[in-house]
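In what follows, a structure is listed as structure tokens, so that the remarks can point back to it.
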Amino acid sequence: MTVWMAVECPHYHSTDVIKHGKSGEGKQRYLCQNEDCPRRSFIRDYTYNIILYR
Ligand SMILES: [Zn+2]
């Protein structure tokens, strides 16, 4: 069984994101792959839409 997290970019509403290390607070940082995104780097948080796929 494969389980992975699909994180949606809060700025561009795209799930085309990659992991980009950790922030200073230890949160997972992500990088949006969309070149048109105004702010491509973001941190995963509960205020953002996170979808769990199985
Ligand atoms: Zn984005």
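Per our numbering, the sequence shown runs over residues 1 to 54.
Each residue gets a CB set at the ideal place from its N, CA and C atoms; glycine is no exception.
Since the structure is predicted, the reported quantities are computational estimates derived from the model, not experimental observations.
Exercise for the section: Verify the contact flag: SER23, CB atom, against every heavy atom of ligand 1, threshold strictly below 7 Å. Expected result: no
Handout entry: Cβ separation of HIS20 and LEU31, assumed to be a contact under 8 Å, to the nearest whole Å
Key = 4 Å
Practice task
Give the C-beta separation of ILE43 and ARG29 to the nearest angstrom, bearing in mind that I take them to be a contact with Cβ-Cβ under 8 Å.
Solution key: 5 Å
Problem - Endpoints, beta strand (DSSP E) assigned at GLN28 - result: 28-32
Exercise for the section: For SER41, write down the residues that DSSP places opposite it in a beta bridge. Expected result: LEU31
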